[in-house]
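Residue numbering for the sequence shown follows my numbering, beginning at 2 and increasing consecutively. Beta carbons: idealized from backbone N, C-alpha and C, even for Gly. Data first, discussion second: the structure below is written as structure tokens.
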Amino acid sequence: MAADVNSPRITGKVQGRDIVLTGPLSKEEIRDKVWWWQHTESGTSEERGDGQHEFDRSEKSVINTLGGYYVVPDDPGTHEADELVETVYTELND
């Protein structure tokens, strides 16, 4: 199903990869898209074949919402990650 032109969108740069979240999305879908690298078999972009450059760990992973920039925690199981998912969910689904 194609996203409506007027659907809310949130952008980010996570582990060196540009992501776009287009609503509405469930909280689980948000987690899967933001912490995508945990679902890959290999951590290197070359082995994933996604054409992205190797992630520079000195760069922060961020999500850009209407409320500002949020740093993406490495661990999706933290309280900060839960708050980020809740913020993104609210923005995409309102």
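- In this structure, E92 and P9 form a Cβ contact; the two beta carbons are roughly 6 Å apart against a cut-off of 8 Å.
- In this structure, the beta-carbon distance from T79 to I11 does not fall below 8 Å.
- The C-beta distance from K34 to Y90 rounds to 12 Å, too long to fall under 8 Å, and the pair is not in contact.
- Counting only the Cα atoms, Q39 lies some 25 Å from G69.
- The DSSP-derived three-state label of N7 is coil.
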